[in-house]
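What follows is a set of notes on a single structure, which appears directly below.
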Amino acid sequence: MSTETATKAVLKGGEWLVKESSAAETFVAEQFGEEQLMIRDMCNQFLEAEVYPNLDRIDDLEPGLMKSLVTKAGEQGLLSTSFPEEFGGLGKDFVTSTIVNEYLGAGHSFSVAVAAHTGIGTLPILYFGTPQQKEKYIPKLITGEWAGAYGLTEPNSGSDALGAKTTAKLSDDGKFYILNGQKCWITNGGFAQVYTVFAKVDGDKFTGFIVDRGTEGFTQGPEEHKMGIKGSSTVQLYFQDCKVPVENLLGEVGKGHKIAFNILNIGRLKLCAAALGGARRSVTDTVNYAKTREQFKQPISNFGAIKYKLAEMAIKVFVAESALYRTANWVDQKEEELLAAGKPFNEALLGAAEEYAIECAMLKVYGSEVLDYVVDEGVQVHGGNGFSAEYNASRAYRDSRINRIYEGTNEINRLLTLDMTLKRAMGGRLDLMGPAMAVQKELMSIPDFGAEDETPFAAERKLVANLKKAILMTSGAAVQKLMMKIESEQEVLMNIADMAIETFNAESVLLRVTKMVEEKGAAASALHLDIMRTYLFDAADKVNKAGKDSVNSFADGDELRMILMGLKRFTKAEPFNVKDARRRIADKMVAEGKYCF
Ligand SMILES: Cc1cc2nc3c(=O)[nH]c(=O)nc-3n(C[C@H](O)[C@H](O)[C@H](O)COP(=O)(O)OP(=O)(O)OC[C@H]3O[C@@H](n4cnc5c(N)ncnc54)[C@H](O)[C@@H]3O)c2cc1C
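Going by this note's numbering, the sequence shown opens with residue 8, and the numbers climb by one from there.
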C-alpha cells in the first residue's frame with residue numbers, strides 16, 4: 008500500500024459512534040512509508056544492540072546506565088522524531104513518533120524511561136514554555152544530553168491530581184517562587200536534569216514550574232522497590248523552601264491543569280503504542296517457546312488449548328494496532344487542519360490531541376489490558392519456566408502491570424470515556440441526540456426485511472452499525488433514567504465504556520481488513536479475515552453482556568424488556584467457527600516463529 012495521509016473531512020472526536028467511516032479514509036499500519044519503516048527498524052536494532060543484552064544490569068539500576076542509554080538513543084535521533092526542526096528535531100508527523108513509541112515499547116524499563124522523557128518530561132516545555140525556555144531546554148532534551156521528568160502525583164493526590172498540596176509563593180523580592188511539598192512516584196526522577204513540577208500558588212492556583220536538578224531546596228528520595236519495571240528510576244521529590252527562579256514559571260499562574268491534562272491525552276495514546284510493542288515481543292517469545300517445548304511427545308503448540316491462547320494474543324495485538332493508527336492519523340490530520348487555519352504548532356498538536364481525548368482514553372485502557380492479557384498467557388504457556396526469572400516471560404509479566412495504573416488508571420479512563428462523550432453531546436460538539444432518537448424509533452418499528460446488501464463485508468458492517476446502536480440505546484436510556492445521578496452510577500458508566508471500546512476496536516479492525524482485502528484480495532488476507540471475524544464475533548457478546556449488566560441496574564418493566572430485546576437484536580452475530588479460525592492464526596505464527604500479522 009502506498010503512504011498517504013488522507014486529508015478529507017476527518018471525523019471529529021467521538022463521531023465514530025454516530026457516523027460511518029470508510030476503509031479508504033482509514034489509515035492502517037500497512038501504509039507506513041519507507042522512512043517510517045526505516046525508523047521502526049532503527050528502534051528494533053537499538054533494542055537488540057543496546058537494551059536486550061543489558062536487561063539485568065538495567066533492572067539492577069546500575070548507576071549511570073539508564074541515562075547513558077537515553078543519551079545514546081538521543082544521539083541516534085530516536086528521541087526527536089516529532090520535535091520541530093528549529094530545535095534540532097526531525098519534524099516528523101504524529102504517526103511516526105507513535106511508531107517510535109511502539110517499537111521502543113518492547114524495551115521493558117528502558118521504554119518507560121524513554122516514553123516518560125520524550126512525553127511528560129519534554130512536551131510540557133515544548134508546548135507551554137516561553138521561547139527562552141524552549142531554547143534553553145528543548146535542544147538538550149531531544150538529544151538526550153539532559154533527561155526530563157514530571158512531578159504531578161503526591162502521596163495524597165493521585166487520580167485526584169488537582170488535590171495537590173505542594174505550595175508555591177512568590178518571594179518578597181519577586182525573583183523566585185518558593186516551593187514546599189512532596190511529589191511521589193516520579194519516573195526518571197533519580198537521574199533527570201529537568202523536572203516539570205506542579206504546585207499551588209497562593210493556596211489554590213494550580214501552576215506548572217520547571218525545576219532544574221541542583222536547585223536550592225530540591226532533593227530526592229531513594230529509588231522505590233517496585234513489582235516491575237525495576238530498571239526504571241522512580242523516586243520521591245522533596246521541596247523545602249525550594250527557590251525556583253520566576254523565569255521558570257511554566258505557562259500561566261493558575262493554568263497548570265491545562266498542562267497536566269493536555270499532555271495526558273498524548274501520553275495515553277503513546278502508552279497504548281508502547282504496550283503494543285511489548286505485547287508483540289511477548290507473543291513472539293511465547294510462540295517460540297510453544298514451538299520448542301515438548302510434552303506428551305509433541306510440541307505444546309500442537310494442543311488446541313495453547314493454539315487458542317496464541318491466536319487470542321495475536322488477535323488482540325492486531326486489533327489494538329488497528330485502533331491505534333486509525334486514531335494517530337486522525338491526530339495528524341486534525342493538526343494539519345489547525346495549522347492551515349493559522350494556529351501555532353503547539354496549539355495545533357494539543358488541540359488535535361484534545362479533539363481525540365475520548366479515543367486516547369479508550370486506547371490507553373485497551374492497550375494496557377491487551378499487554379496484561381498477552382504477558383499473563385505468556386507465563387501460562389511457559390508453565391513453570393514462566394515463573395522463573397531465567398525467562399523473559401516473567402519480566403514481561405512484572406513490567407506490564409503498571410500500565411493499567413499510570414497515565415490515569417483504567418477506571419479513571421473508562422469513566423472519562425463516557426464523561427467526555429456526554430459533555431461533548433451536551434455542549435453541542437457531538438450530535439448524539441439525533442442518532443439516539445433514530446435508534447429508539449427503529450426499536451419501536453418492525454425490522455426492515457428489505458433487499459439484502461450483497462457488497463463485501465455487508466454483514467460485518469451491519470454488525471458494527473448495530474453495536475453502535477446498542478451503545479446509543481443503552482447510554483440514552485441511562486441518561487434519561489438516571490439524569491444527574493449517572494455520575495455516581497459508576498458501574499453503568501464502566502459498562503458503557505466497555506461497549507464503546509469493543510465497538511471502536513471492532514470497527515477499526517473491520518476497516519483495516521477491508522482495506523487490506525481491497526488492496527491485496529481476500530486470499531492474501533485470509534488470516535486477517537479470521538482475526539477480524541473472530542474479534543467481531545466475540546465483541547458482539549461482550550457488548551451484549553455489558554449492555555445487559557448496565558440496563559438491568561436502572562430499568563424495569565416494559566422499558567427493561569424493550570431494551571433487552573434491542574440489545575439482543577443489535578448484538579446478533581452471524582455464526583462463525585472461531586475454533587478453526589484461531590487454529591489457523593496460531594498455526595501460521597508457529598510456522599513463522601513469530602507474531603506475523
Ligand atoms: C511506577 C510508577 C511510575 C509513575 N510515574 C509517575 C510520574 O512520572 N509522574 C507522576 O506525576 N506520577 C507518576 N506515577 C503516579 C501515577 O500516575 C499514579 O499512581 C496514578 O495516577 C494513580 O494514583 P494513586 O496511585 O494515588 O491511586 P489512587 O488515585 O489512590 O487510586 C486507587 C484506586 O482507586 C481508584 N479510583 C481513584 N479515584 C477514583 C474515582 N473517582 N472513581 C473510581 N475509582 C477511583 C483508582 O482507579 C485505583 O484503582 C507513577 C506511578 C507508578 C506506580
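The C-beta atom is built at its ideal place from N, Cα and C for all residues, glycine as well.
Other residues of its chain near residue 536: CB distance less than 8 Å, five sequence neighbours each side excluded: 520, 524 and 529
State yes or no: is the beta carbon of residue 307 nearer than 8 Å to at least one beta carbon in chain C? No chain C appears in the structure shown, which is made up of a single protein chain.
Does the pairing of the segment 317 to 329 with the segment 422 to 435 give three or more beta-carbon distances under 8 Å? no
Could you name the residues of the same chain whose beta carbon sits closer than 6 Å to that of residue 505, not counting the 5 residues immediately before and after it, in chain order? 553
Whether or not the segment 54 to 64 and the segment 109 to 120 are in contact is what I'm after, with contact meaning three or more pairs of Cβ atoms, one per stretch, closer than 8 Å; do they touch? yes
Cβ pair count under 8 Å reaching 3, the segment 238 to 257 against the segment 207 to 225: yes
Which of the three DSSP states, helix, strand or coil, is assigned to residue 91? coil
C-alpha gap between residue 328 and residue 272, whole angstroms: 18 Å
In whole angstroms, what is the alpha-carbon distance linking residue 440 and residue 597? 48 Å
Beta carbon of residue 30, beta carbon of residue 522: below 8 Å? yes
Is residue 105 near residue 156, with beta carbons less than 8 Å apart? no
If you run the structure through DSSP and keep just helix, strand and coil, what is residue 25? coil
DSSP state of residue 279 mapped onto helix, strand, coil: helix
If I measure Cβ to Cβ from residue 90 and keep anything under 6 Å in the same chain, skipping five residues before and after, which residues do I get? 96 and 149
In three-state terms, what does DSSP make of residue 413? coil
Under 8 Å between C-beta atoms of residue 517 and residue 459: no
On the CB-based measure, 16 or more other CB atoms within 10 Å of its CB, does residue 316 come out buried or exposed? buried
Closer than 7 Å: residue 415 CB and nearest ligand 1 heavy atom: yes
Touch test, the segment 538 to 556 against the segment 572 to 587, Cβ-Cβ under 8 Å, three pairs minimum: yes
Taking residue 140 as part of the beta strand (DSSP E), name the residues at either end of that continuous run. Not the beta strand (DSSP E): residue 140 falls in the alpha helix (DSSP H), residues 138 to 149.
Using a threshold of 7 Å, is the CB atom of residue 241 nearer than that to any non-hydrogen atom of ligand 1? yes
Beta strand (DSSP E) containing residue 561: first to last residue? From DSSP, residue 561 is part of no beta strand (DSSP E) but of the alpha helix (DSSP H) over 533 to 561.
Which residue or residues does DSSP assign as beta-bridge partners of residue 226? 245
Nearest-angstrom Cα separation, counted from residue 526 out to residue 9: For residue 9, the predicted structure reports a pLDDT of 39, less than 50, and the residue's modelled location is therefore unreliable. The matter cannot be settled from this model.
Measuring alpha carbon to alpha carbon, tell me which residue in 513, 296 and 237 is nearest residue 689. In this structure the chain extends from 8 to 604, so residue 689 is not present and cannot be described.
Cα separation between residue 481 and residue 500? 10 Å
For a quick check, are the C-beta atoms of residue 159 and residue 205 less than 8 Å apart? yes
Quick one: any contact between the segment 118 to 136 and the segment 296 to 314, if contact means 3 or more CB pairs under 8 Å? no
Just list the alpha helix (DSSP H) runs in the segment 319 to 406, keeping only unbroken ones of 4 residues or longer that don't cross its boundaries, in chain order. 352 to 362 and 364 to 389
Simplified DSSP state of residue 208, which is helix, strand or coil: strand
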